[in-house]
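Asker:
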Amino acid sequence: MILLAMETSCDETSIAILNKNTILAHYISSQIKHHQPYGGVVPELASRKHTEIIHILIEKALKQAQLTYSDLQACAVTYGPGLEGALLIGVTVAKAIASVLQIPLIGVHHLWGHIYAHFLTDTPPQFPFVCLIVSGGHTMLVKVTGHYEAEILGQTRDDAAGEAFDKVARVLNLAYPGGPNIEKEALLGNAKAFPFPRAMKKQGYDFSFSGLKTAVMQTVIKLKKESDSLPVSDLAASFQKAVIDVLVYKTLKACEEHQISEVIIAGGVSANQALKNTLTEEGLKQKVKVVSPPLSLCTDNAAMIGAAGYFHYQKFQQTNPHLTVRPSLPLLDF
Ligand code: KG4
Ligand code: ZN
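Taking our numbering, the leading residue of the sequence shown gets 1, the next gets one more, and so forth.
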């Protein structure tokens with residue numbers, strides 16, 4: 001099955017062409033530089049930038065895969081969760097193409113896309129596995145028992161992990177998106193410099209990161225009164241360690257309780273090397289294998305949407321020509 005896939009849920013416009021779950025062509029156009037002056041994603045700007053580039057990327061992908069429109073056999077697109085206006089661009093273009101070519105239109109849940117990034121390799125995870133989803137909008141621990149079969153073990157009660165990285169970065173005067181910049185600073189700092197809270201660490205599988213963000217803000221305010229220069233690296237390292245401690249503890253606790261020996265990390269924060277290293281090292285101690293996608297597939301991309309669309313179609317054989325965007329789509333509603 002030759003499948004055209006699209007991702008426009010936030011600030012990346014991405015197009016991929018896959019043969020089943022093998023990538024034939026893949027383009028990701030990041031809008032970061034357009035949003036950076038505002039310190040975060042401006043929804044209207046995101047929609048406009050998607051509109052400007054999506055058709056160009058489709059043409060490029062067809063050329064790279066040495067295919068034409070008539071070779072396409074299905075079209076997969078993210079329809080939620082995400083920014084409404086941004087999602088609308090991908091869904092509208094996908095609907096038009098599927099309708100003209102009379103091919104199935106597969107609506108893909110963005111977070112299942114992140115999970116299915118792990119199925120673009122020759123060695124996909126074996127069911128059941130635990131998935132730690134850590135993105136800009138979500139933090140979840142999920143037990144995945146089969147294709148599109150999952151149980152949510154826990155999720156954040158306030159900020160997502162990526163959101164906490166972005167907000168703390170802003171407090172430390174680091175550019176958007178904060179995650180990669182906090183990670184860089186943390187490499188130079190002492191993670192024990194500030195004893196930031198590990199909220200709800202030993203209480204079930206839900207997460208809370210807003211208290212941690214406030215603790216960093218209050219520390220920064222206090223430090224600024226005492227000195228002109230801020231120990232940015234120490235603050236970044238201590239903050240990052242507090243997030244990682246909680247994520248790793250709960251993920252491995254879930255493995256132990258559910259007798260699962262494989263963990264996958266999904267979503268933009270899975271690009272964080274310190275998180276990957278700590279989870280891998282701690283996992284090893286309890287014989288849990290930890291896998292994260294290649295760096296290029298950690299953050300938003302259309303290849304993962306293509307893989308998720310392919311497995312969705314294999315399982316449900318559904319086409320949805322009347323697809324509409326669902327900005328707050330729950331994980332188990334697909
Ligand atoms: O999955 P994603 O690309 O978009 C959403 O679906 O939200 O995740 C974006 C998030 C941002 O909050 C960004 O700061 C974070 O992932 N991120 C990182 C790193 N790279 C991206 N967080 C920590 N360390 C990183 N290296
Ligand atoms: Zn994402």
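Just so it is clear, CB atoms sit at the ideal spot from N, CA and C, and this is done for glycine as well.
Remember, it's a predicted structure, so these values are computed and weren't measured experimentally.
For MET217, name the three-state secondary structure that DSSP assigns.
Answerer: Three-state result, MET217: helix.
Asker: Taking just the CA atoms, how far does ILE133 sit from LEU252?
Answerer: Their Cα atoms are separated by approximately 14 Å.
Asker: By Cβ distance below 6 Å, which residues in the same chain neighbour ALA61 in space, the five residues on each side in sequence not counted?
Answerer: Excluding sequence neighbours, ALA61 sits near ILE15, ILE17, ALA25, TYR27.
Asker: Let's test the definition: count the other Cβ atoms within 10 Å of the Cβ of TYR38 and tell me whether it reaches 16, buried, or not, exposed.
Answerer: Its Cβ having fewer than 16 others within 10 Å, TYR38 is exposed.
Asker: Could you name each continuous beta strand (DSSP E) segment of 3 residues or more that falls completely within the region 167-196, going from the start of the chain to the end?
Answerer: Fully enclosed beta strand (DSSP E) runs of 3 or longer: not present.
Asker: Assuming ALA5 contacts GLY283 (C-beta within less than 8 Å), just tell me the rounded distance between them.
Answerer: About 31 Å; that fails the 8 Å criterion.
Asker: Comparing the CB of HIS114 with every heavy atom of the ligand ZN, is any distance shorter than 7 Å?
Answerer: Checking every heavy atom of the ligand ZN against the Cβ of HIS114, one is found closer than 7 Å.
Asker: What do you reckon, is the C-beta of HIS110 under 7 Å from a heavy atom of the ligand GTP?
Answerer: Looking for the ligand GTP in the displayed structure turns up nothing; the ligands present are the ligand KG4 and the ligand ZN.
Asker: Which value, in whole angstroms, describes the spacing of the CA atoms of LEU323 and VAL77?
Answerer: Roughly 10 Å between the two C-alpha positions.
Asker: Do ALA236 and GLU185 come within 8 Å of each other at the CB atom, strictly closer than that value?
Answerer: Taking 8 Å as the Cβ cut-off, GLU185 and ALA236 qualify as a contacting pair.
Asker: In the DSSP assignment, what residue or residues form a beta bridge with PHE129?
Answerer: DSSP lists VAL144 as partners of PHE129.
Asker: Quick check on the DSSP output: what are the complete alpha helix (DSSP H) runs of length 4 or more inside the region 74-108, in order along the chain?
Answerer: Segments of the alpha helix (DSSP H) lying fully in the region 74-108: 84-101.
Asker: Considering just the uninterrupted stretch of the beta strand (DSSP E) at LYS289, what are its terminal residues?
Answerer: 289-291 is the extent of the beta strand (DSSP E) around LYS289.
Asker: Taking the C-alpha atoms as reference points, what is the distance between ILE58 and GLN66?
Answerer: ILE58 and GLN66: Cα-Cα distance of roughly 12 Å.
Asker: For a test of the three-state rule: what should DSSP assign to SER14, helix, strand or coil?
Answerer: The answer is strand: DSSP assigns SER14 an E or B state.
Asker: According to DSSP, simplified to helix, strand and coil, what is ALA254?
Answerer: Reduced to three states, the DSSP call for ALA254 is helix.
Asker: Enumerate in chain order the residues of its own chain whose CB-to-CB distance from GLU44 is below 7 Å, with the five nearest sequence positions on each side excluded.
Answerer: Correct list, in chain order: GLY85.
Asker: Please name the residue or residues paired with MET6 in a DSSP beta bridge.
Answerer: Answer is ILE15, VAL77, bridged to MET6.
Asker: May I ask you to list the residues that DSSP assigns as paired with ALA65?
Answerer: DSSP output for ALA65 lists no bridge partner at all.
Asker: Residues near the ligand ZN, CB to any non-hydrogen atom under 5 Å, in chain order?
Answerer: My final list is SER135, ASP300.
Asker: With DSSP collapsed to three states, give me the class of TYR27.
Answerer: It is a strand residue.
Asker: If we count the other Cβ atoms within 10 Å of its Cβ and call it buried at 16 or more, is VAL93 buried or exposed?
Answerer: The residue in question, VAL93, is buried, as its Cβ has 16 or more Cβ neighbours within 10 Å.
Asker: Could you compute how far the alpha carbon of ILE221 sits from the alpha carbon of LYS276?
Answerer: Roughly 31 Å separates the two Cα atoms.
Asker: Could you check which residue in ALA271, GLU281, LYS287 has the C-alpha nearest to that of PRO293?
Answerer: When each option's Cα is compared against that of PRO293, the closest is ALA271.
Asker: Taking GLN314 as part of the alpha helix (DSSP H), name the residues at either end of that continuous run.
Answerer: 302-316 is the extent of the alpha helix (DSSP H) around GLN314.
Asker: What residues in its chain sit with their C-beta under 8 Å from that of HIS118, if we drop five residues either side in the sequence?
Answerer: PRO124, PRO125, ILE264, ALA266, VAL291, PRO293.
Asker: Distance, Cα to Cα, ARG48 vs ILE89?
Answerer: For ARG48 and ILE89, the distance between alpha carbons rounds to 9 Å.
Asker: Name the two residues that bound the continuous beta strand (DSSP E) containing ALA266.
Answerer: Looking at the DSSP string, the run of the beta strand (DSSP E) that includes ALA266 is 262-266.
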